[in-house]
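Participant: Numbering of the sequence shown is given in the numbering used here, commencing with residue 26 and proceeding in unit increments.
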Amino acid sequence: MKRRDIVRQMGAGFIALTGHQLCSAQGVKPKQRVLRIAHLTDVHMQPLVGAAKGFEKCLHHVQGLADKPDLIINGGDAIMEAHGRSKDSVSRQWRLYQDVLKSENALPLLSCVGNHDIWCRQETKICFEAGRQWAMDELAMTKRYYSLDQNGWHIVVLDSVQPKADGSWYTACLDDEQFHWLENDLKNTPAEIPILIVSHVPILAACVFFDGQRFSDESWSVPARWMHSDTVRITDLFHRHPNVKAALSGHIHLTDRVDYNGVSYFCNGAVSGAWWFGKYHHTAAGYALVDLFDDGSFVNSYVNYI
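(1) Could you compute how far the alpha carbon of Phe153 sits from the alpha carbon of Gln57?
(2) Quick one: Cα of Gly109 to Cα of Val226, how far?
(3) What distance in whole Å lies between the Cβ atoms of His64 and Tyr312, which are believed to be in contact at a cut-off of 8 Å?
(4) Per the DSSP calculation, Asn99 is bridged to which residue(s)?
(5) Excluding the 5 residues flanking Ser246 on each side, which residues of the same chain have their C-beta closer than 8 Å to its C-beta?
(6) If you reduce the DSSP assignment to three classes, tell me which class Asp174 lands in.
(7) In this structure, does DSSP put Trp11 in helix, strand or coil?
(8) My understanding is that Asp67 touches Asp124, with C-beta atoms under 8 Å, so please give their C-beta distance in whole angstroms.
(9) So if DSSP puts Phe291 in a beta bridge, which residue, or which two residues, is it bridged to?
(10) Pull up the distance between the alpha-carbon of Phe234 and that of Tyr330, whole angstroms please.
(11) Compare the C-alpha of Asp284 against each of His264, Asp236 and Trp300 and name the closest.
(12) Between the segment 164-179 and the segment 204-219, are three or more C-beta pairs nearer than 8 Å?
(13) How about Ile98 and Val223: are their beta carbons less than 8 Å apart?
(14) For Val324, count neighbouring Cβ atoms within 10 angstroms of its own Cβ and tell me buried if that reaches 16, exposed if not.
(15) Since Ser24 is in the alpha helix (DSSP H), which residue starts that stretch and which ends it?
(16) Using a 10 Å radius around the Cβ and a threshold of 16 neighbouring Cβ atoms, would you call Asp255 buried or exposed?
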């Protein structure tokens with residue numbers, strides 16, 4: 026046998042010893058996916074423009090995947106608009122959302138509340154909180170923020186929509202009660218357990234700079250309704266807990282990924298796209314598939330279902 030043939034065979038054998046086999050040969054356990062989540066945000070259900078049919082199509086797409094998700098997370102803004110609308114209008118929107126879910130979805134569902142879900146005709150804190158409770162009842166939420174352990178991961182769902190101090194509409198932040206709860210929740214989660222954060226409004230995002238005219242007079246401007254106003258406070262908290270791995274949000278209807286200080290922040294578009302009128306800027310209607318692995322790694326992929 027010629028020398029180059031021997032070398033070729035040796036090389037082929039080495040190439041074949043890759044992936045799972047190489048990990049096994051080195052005594053390293055290959056990572057395993059432990060949870061697949063479909064992150065569906067900003068459905069904006071309404072009795073017009075084919076929203077119900079569009080939501081049905083999205084749910085069919087999710088459940089028709091060969092590698093089907095283990096659960097769905099509703100990222101908020103399930104209905105088109107509750108603020109300022111009559112109770113009858115809001116009831117119709119929720120009924121339609123519930124009807125589609127009941128008839129077309131068989132997967133477990135977690136939810137958080139979005140700003141469009143909150144009914145409020147008088148801009149007072151009492152009215153806001155009553156409207157938020159209505160949304161929570163529709164979404165089968167016993168608490169406005171909560172956490173759970175799932176398949177080796179700790180999932181934290183936050184309430185990022187708060188009434189403003191003067192009673193006018195809302196701002197995006199964590200109230201003090203919720204922030205202190207989050208501090209304790211992260212502290213009580215073992216360091217070896219990876220953590221996924223879910224909020225409606227982005228904690229940190231780049232796409233907020235593309236939502237409307239954000240630059241004038243030599244300055245960029247981002248309203249506190251577009252992105253959390255307490256970003257520094259929250260990211261400082263995450264810095265103390267390196268097992269916080271990723272954060273999911275919606276709200277902006279655009280997609281981006283911002284990696285900051287060891288945490289990946291994903292803004293995951295919208296099921297409704299541009300409120301059921303095609304793309305919003307460059308982002309088509311879609312949802313995210315979020316794969317979580319036993320080593321704390323993850324993959325977030327945006328899927329166009331139309």
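Cβ atoms here follow ideal geometry from the backbone N, Cα and C, with glycine treated the same way.
Facilitator: This is what the structure holds:
(1) In a straight line, the C-alpha of Phe153 is about 43 Å away from that of Gln57.
(2) Rounded to whole angstroms, Gly109 to Val226 spans 20 Å at the Cα level.
(3) Correct: roughly 6 Å between the Cβ atoms.
(4) BP columns for Asn99 point to Leu65 and Ser136.
(5) For Ser246, where only same-chain residues beyond five positions count, the Cβ hits under 8 Å are Arg239 and Phe240.
(6) The answer is strand: DSSP assigns Asp174 an E or B state.
(7) Outside the displayed span of the chain (26 to 331) sits residue 11, for which this structure offers no information.
(8) Rounded, the Cβ-Cβ distance is 19 Å, inconsistent with contact.
(9) Partner(s): Leu273 and Arg282.
(10) In a straight line, the C-alpha of Phe234 is about 26 Å away from that of Tyr330.
(11) Asp284 has its Cα closest to that of His264, out of His264, Asp236 and Trp300.
(12) Because the criterion of three Cβ pairs below 8 Å is met, the segment 164-179 and the segment 204-219 touch.
(13) With contacts defined by Cβ atoms closer than 8 Å, Ile98 and Val223 form a contacting pair.
(14) Label assigned to Val324: exposed.
(15) Since the displayed the chain opens at 26 and closes at 331, residue 24 lies outside it and no answer follows.
(16) Burial call: buried.
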